Amino acid sequence: MITINIRDKRPIYEQIMDSIKEQIIHGLLKPNDKMPSIRQLASTLEITPNTVSKAYTELEREGVLITVRGKGNFISDTPIGDKGEKKMEELTKVLQKLCIEWQYTGQTKETLIEMIDKLYVEEEN
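Going by the numbering used here, the first residue of the sequence shown is number 215, and it counts up by one from there.
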């Protein structure tokens, strides 16, 4: 189930994107699974269809979703690990910023690694 948290400071469309990606990682959503329609998900989450549309558009841009005109949105059959160099570059920049902030707060590299180990989700085969 796709969830959002109104107390979360992230934009709702990002929460939707992250929720879908987490479900893919955990195997709850599989390649070629049909997603709820934009209106359906907007109604379920009690948000505007434009917000869901933005999330779906971004997920399609990232290669997570495929849109089939007249049929709907589906989970891509491209393996998670094959999302491309551009995404890796984006994530590297995010990680660089995180490391700077982490050091600025006086935390050690070891505590960062511990935190990453704690948060990292291993893909179950």
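Beta carbons: idealized from backbone N, C-alpha and C, even for Gly. Nothing here was measured: the structure is a model prediction, and the numbers come from that model.
Selected residue, minimal CA-CA separation from residue i, among the options
i, options, result
"M215", "N246, K311, L259", "L259"
"L255", "K244, N246, S267", "S267"
"Q327", "Y318, T319, C313", "Going by the sequence as given, residue 327 is Ile instead of Gln. Closest option to I327, Cα to Cα, is C313."
"M249", "N219, I239, G320, V282", "V282"
"K244", "L309, V278, T306, L305", "V278"
Contacts around residue i, its chain only, beta-carbon distance under 6 Å, and the 5 residues preceding and following it disregarded
i, result
"T265", "I226, Y227"
"I280", "F288, S290"
"A269", "Y227, I230, M231"
Pair within 9 Å by beta-carbon distance, residue i and residue j
i, j, result
"L273", "I330", "no"
"G275", "P263", "Looking at the sequence provided, one finds Arg at residue 275 rather than Gly. Their beta carbons are not under 9 Å apart, which means R275 does not touch P263 by this criterion."
Residue i - partner residues in DSSP beta bridges
i, result
"T281", "N287"
"K248", "F288"
Close-in-space but distant-in-sequence residues of the same chain around residue i (CB under 7 Å, 5 per side omitted)
i, result
"S251", "G286"
"R221", "none"
"Q310", "none"
Contacting residues, own chain, Cβ-Cβ under 8 Å from residue i (five flanking each side not counted)
i, result
"N246", "F288, I289, D291"
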